[in-house]
Each structure stands twice: as structure tokens, then as C-alpha cells.
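The structure appears right after this line, and notes come after that.
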Amino acid sequence: MDLTLLGRLIIDMMVAAVPAVGFALIFNVPRHALGYCALGGAIGHGLRFMLLNYGVPIEWGTLIAAGVVSFIGVYWAQKFHAHPKVFTVAAVIPMIPGKLAFTAVLALFELNHEGATVVLLTSFVGAFMKMFFITAALAAGLAMPGLLFYRRRPVV
Amino acid sequence: MLIFEQALSERPPAPRAKKSPASELKKPFISEPEQRGITRLCIQAAQLIMQHGAESALVDSITERLGLALGLDSVDLGITANSLALTTVSNDHCITTIRRVVDKGINMHVVTEVQRIMLRVEKGDLDAHQTRELLQAVKPLRYPKWQVSIMVGLSCACFAYFMGADLASCALTSVASCVALSVRQFLAQHHFNPLVNFAITAFVATSIACLGVNSPLFQKPELAMAASVLLLIPGFPLINGLSDMVKGHVNTGLARWTIAMLLIMSSSVGIVLALILWRVKIWI
Chain D
53 MDLTLLGRLI
63 IDMMVAAVPA
73 VGFALIFNVP
83 RHALGYCALG
93 GAIGHGLRFM
103 LLNYGVPIEW
113 GTLIAAGVVS
123 FIGVYWAQKF
133 HAHPKVFTVA
143 AVIPMIPGKL
153 AFTAVLALFE
163 LNHEGATVVL
173 LTSFVGAFMK
183 MFFITAALAA
193 GLAMPGLLFY
203 RRRPVV
Chain C
102 MLIFEQALSE
112 RPPAPRAKKS
122 PASELKKPFI
132 SEPEQRGITR
142 LCIQAAQLIM
152 QHGAESALVD
162 SITERLGLAL
172 GLDSVDLGIT
182 ANSLALTTVS
192 NDHCITTIRR
202 VVDKGINMHV
212 VTEVQRIMLR
222 VEKGDLDAHQ
232 TRELLQAVKP
242 LRYPKWQVSI
252 MVGLSCACFA
262 YFMGADLASC
272 ALTSVASCVA
282 LSVRQFLAQH
292 HFNPLVNFAI
302 TAFVATSIAC
312 LGVNSPLFQK
322 PELAMAASVL
332 LLIPGFPLIN
342 GLSDMVKGHV
352 NTGLARWTIA
362 MLLIMSSSVG
372 IVLALILWRV
382 KIWI
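Which chain is which? The protein sequence lines are D and C, in order. Going left to right, the first sequence walks through residues 53 to 208 as my numbering numbers them. Going left to right, the second sequence walks through residues 102 to 385 as my numbering numbers them.
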């Protein structure tokens, strides 16, 4: 791995930690768990950054990253006697496809305002589908430990 | 299909008996007033975490484990989006009670506290009386408003950075979302309907970000607009709703999703209103 890639990864992880903490504050996560939210956000987004860098499609990269964050969340949950969602929901927030959602809203607005054109329809459907699949991948990744391993027993 | 339905409707397993020595060692006779007290205790715990944004499966399991650990024979919770019904059985005697659920905002601190109390009861550390006192002492944690505003402003700036915005646009995003969150907190404090609240907040955020359009200082003001409204994405209802539906609680899951979709739609109305009013034409 060359150094510029490592540098970009570190910057990516540091930037991703900020929204994780910001949203953890909105969700009123206990104070001692804030650091773990930041760490989870950094690991998740950093992992996705590396996967994208090696050519994995963004939907699958998101699924893998959210799954890994969720398993780490289960480990922390058992260690600190708290529900895993306390850590994981804030940690996957940096991965939400905000730009695509905004593009979809704008395109919908223009479709109504100026009438349908092929360009507008293409950009609406494209942005919406990508946003939908990334969000679904996030949710599925978060549900993974419960679906695969903790099927009939509580995590904590 | 039938098998699938059965699998979904199967109740979660009863807690492992070896983990709750209190209920196993001495199975004391529970008088009717005692059963009534424990029932109230269970529904109080359920109401507390449901109102503060726990997913349905968690509410169900915490209530049941709490009741069984305190010596009841069976505990059944019925969950809908705005009420909880609980029936407990002890010595063939049944008590049913219903509580209303009012949304009090996401508060993971409350959920964690109640879960820890339940775990201590299961370990046999607490009796019904101590549990009641501890549950009544649970107060929702609220971070100072300025702290949340600043952190959310920085968060949205980081979103703008991920979208590829220049530093000036990131700074604009941070100001816009910081002000928007203060507006949202102010409106929430005055008990405005969340839908109205989100529309106004989106309008404020987009309006401030609009200031960057046509200014040579900002290279990508449209990214500032996209990032500054991200604080309005209802992440917890969306994720909780999906986990509810995956685990068979379709009722509450659909209710959460409907609310989340309405919130997103009313935020879009706020954004579009600002774009029309300030005659801004942008495209990403």
C-alpha cells in the first residue's frame, strides 16, 4: 500500500468519525459510548473507502462495512451491557447516501416543474435506485448478526 | 409460507433459567397485590423504552425477562405504535393493563439504563421494591443544546467534504446546519408538530446555503445545500422500522416507516419552497 493511499484512508476515517459523534448526540447516546460511536463510524467508512478503492461496487461495499460495524457493535454490547443499536446506528450514519437523495428530490421537483424529459427521468431513476440499494444494504448489514447468529437468543 | 409464518410468530425463548437464580432458587408465593405491583413495574419499563425509541423486539424481551425474573409465571406484551398491553399470569391469576405510548424523542441513554436494571434483576441483585425505585430514578439524558448544534454543524460539513465540496462550501454548510438545528430544537421545545418542524428547518438550512449561490467565494454551493439538510434524515426510525419488520413486528415497523417517509417528504417541501422563493436554479 502506498503512502498517499494510507494518508487518504486516515483522513477519511477521521472525517467520518465526526458525523458519527454528531448524530450520537442527537440520539442521546450515553456519554461513555460516544467514543465507540466515533470509532465505529471511522472503521465502517474507512473499510468502505478501501473496498471502493479496490473496485468493489458501492452497494456491496456498504453491505460489508455495515455488517462489520454491526458485529463490532455486538461485541461492545456484550462488554458494556447495552443494546448494540446504541453504538451501530450512529456509526453507519456517515455512509448514508445524502447526495443521491438530494439529487432525487431535485429531479422530482424539476420533473413536475418543467415536464418529463429523458435526461431528468434518467437522473431521477438512477439516483433513486442507487440510494435505495445503498440504504437497503446499510439496513441489511446492521441486521446481520441477529439474522445469522443471534437467531433465538438475545444479544445481551 | 405457513412454515415461514410460524417461524416469525414464534415467541422469543424464555430466558435461560441458570442465568436468573432469583427466580429459580426460591419461587416464593406471589400475592395478588405483589403481582399487581410487578405488572405495573414491567409495563413502566416497557413504556419508558418504547417512548424513547427502542425497537419492538427489545421492548418485548426486556419486559418478559423482567417479569419472569421477578417470579411471574408468564408475561405477554402486545405492542402497537401508540399503546402497550401487558398480561401477566401468576398462580393462575391474570392481570392485564394498558399504557399509552407518546413519542418522547430518541434517547439511547434511557434504553441502556432500563436494560441494565433488567440485567441486574435477572442476576438476582434487586427485588421488586428496589427495581421500582431505580426505574423511577431514570431521567432522560439531554446534551447541552449548543454542544449538539456545534457538533451537528461540523458533521454536516464533513458530509459536504465527502461529497467533494471545497472548504468554503464546507464552512457554509456548517453554519447553515448549525442554525437549522437550533431552529429545530426551538420548534420542538414549543411542541410544534414534527412535520411542520422539519419543513421549516429544511427551509432555513436551504435558505442559508442559497446565500452561497452566485458568489465567487464558493465553488460548489449546491453541495452545501445537499449536505446542510442531512441533519433531517430520520435514521433511527428508518433502521428501527426495518428491524421491526424483519423480526415480525410488521405493525410498528410500518408505523415507523410511514412517519419517517412523511418527515422526509415535509423536509423536501421545505427545500423546494426555499429554491422557489429565492429563485435559485441548481443542479448536482
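We put the beta carbon where it would ideally sit given N, CA and C, even for glycine.
Residue range of the beta strand (DSSP E) that includes residue i
| i | result |
| --- | --- |
| R200(C) | H194 to R201 |
Nearest to residue i (by Cα), restricted to the options the options
| i | options | result |
| --- | --- | --- |
| K246(C) | L273(C), C279(C) and E165(C) | C279(C) |
| T140(C) | S157(C), A325(C), V160(C) and D177(C) | D177(C) |
| N183(C) | H153(C), V211(C), T189(C) and A170(C) | H153(C) |
| A272(C) | R137(C), I180(C), H292(C) and A310(C) | A310(C) |
| P71(D) | F176(D), V171(D), H97(D) and P146(D) | P146(D) |
| F130(C) | M252(C), P295(C) and V190(C) | V190(C) |
| V370(C) | I110(D), F184(D), F161(D) and T114(D) | F161(D) |
| L57(D) | G119(D), L99(D), C89(D) and G87(D) | L99(D) |
| F101(D) | L200(D), L152(D) and T114(D) | T114(D) |
| I301(C) | A170(C), L220(C), M219(C) and L364(C) | L364(C) |
| L91(D) | V108(D), L103(D), L55(D) and V120(D) | V120(D) |
| S308(C) | L355(C), D345(C), S368(C) and I340(C) | S368(C) |
| I199(C) | V212(C), G206(C), I207(C) and L185(C) | L185(C) |
| N208(C) | L190(D), F79(D), E111(D) and H135(D) | F79(D) |
| L152(D) | D54(D), V171(D) and A179(D) | A179(D) |
| F184(D) | I63(D), N105(D) and P149(D) | P149(D) |
| Y262(C) | K382(C), L149(C) and P322(C) | P322(C) |
Beta-bridge pairing of residue i - partner residues as DSSP gives them
| i | result |
| --- | --- |
| T181(C) | S184(C) |
| T189(C) | V176(C) and I196(C) |
Pairwise C-alpha distance: residue j and residue i
| i | j | result |
| --- | --- | --- |
| D267(C) | L235(C) | 50 Å |
| V284(C) | T187(D) | 28 Å |
| S122(D) | E166(D) | 43 Å |
| A361(C) | K137(D) | 18 Å |
| A117(D) | L77(D) | 22 Å |
| A192(D) | R380(C) | 40 Å |
| L332(C) | L173(D) | 27 Å |
| Q130(D) | I95(D) | 19 Å |
| P335(C) | N315(C) | 31 Å |
| D174(C) | E214(C) | 25 Å |
| G179(C) | A277(C) | 43 Å |
| V160(C) | V141(D) | 17 Å |
| A238(C) | A146(C) | 12 Å |
| K182(D) | Y202(D) | 30 Å |
| P122(C) | R83(D) | A caution first: P122(C) carries a pLDDT of 49, below 50, which makes its placement in the model too unreliable to give a value. |
| A281(C) | A306(C) | 5 Å |
| R255(C) | T274(C) | Note that residue 255(C) is Leu in the sequence shown, not Arg. Going from the Cα of L255(C) to the Cα of T274(C) covers about 8 Å. |
| L169(C) | K224(C) | 12 Å |
| I196(C) | L142(C) | 13 Å |
| L103(D) | P197(D) | 21 Å |
| L355(C) | M346(C) | 7 Å |
| L376(C) | F132(D) | 47 Å |
| A68(D) | P134(C) | 53 Å |
| S157(C) | G342(C) | 9 Å |
| A195(D) | G349(C) | 13 Å |
First through last residue of the alpha helix (DSSP H) which encompasses residue i
| i | result |
| --- | --- |
| A142(D) | K137 to V144 |
| H97(D) | L86 to N105 |
| N80(D) | Segment: none, N80(D) is in no alpha helix (DSSP H) and carries neither H nor E. |
| W112(D) | I110 to F132 |
| A155(C) | No alpha helix (DSSP H) holds A155(C); DSSP gives it neither H nor E. |
| M147(D) | Counting along the chain, M147(D) falls outside any alpha helix (DSSP H), and DSSP gives it neither H nor E. |
| Q216(C) | M209 to K224 |
| S368(C) | V351 to L378 |
| H230(C) | A229 to A238 |
| N298(C) | P295 to C311 |
| F337(C) | G336 to V347 |
Beta carbon proximity, residue i to chain E, threshold 8 Å
| i | result |
| --- | --- |
| C271(C) | No chain E appears in the structure shown, which is made up of the protein chains D and C. |
For the segment 114-141 of chain D, list every residue whose C-beta sits within 8 Å of some C-beta in chain C, in sequence order. H133, A134, H135, K137, V138 and V141
What residues in the segment 140-155 of chain D have a beta carbon less than 7 Å from any beta carbon of chain C? V141, I145, I148, G150, K151, F154 and T155
Give me the subset of the segment 67-91 of chain D whose CB atoms are less than 9 Å from a CB atom of chain C, sorted by chain position. V67, A68, A69, V70, P71, A72, V73, G74, F75, A76, L77, I78, F79, N80, V81, P82, R83 and A85
Interface positions of the segment 212-226 of chain C facing chain D (Cβ-Cβ less than 7 Å), listed along the chain: V212, T213, Q216, R217 and L220
Mind listing which residues of the segment 261-275 of chain C have their C-beta closer than 8 Å to chain D's C-betas, in chain order? Y262, F263 and M264
Interface positions of the segment 172-196 of chain D facing chain C (Cβ-Cβ less than 7 Å), listed along the chain: A191, L194 and A195
For the segment 321-333 of chain C, which residues have a CB atom closer than 9 Å to at least one CB atom of chain D, in sequence order? E323, L324, M326, A327, A328, V330, L331 and L332
Give me the subset of the segment 174-200 of chain C whose CB atoms are less than 7 Å from a CB atom of chain D, sorted by chain position. none
Under 9 Å, CB to CB, which of the residues in the segment 291-306 of chain C have a partner in chain D? none
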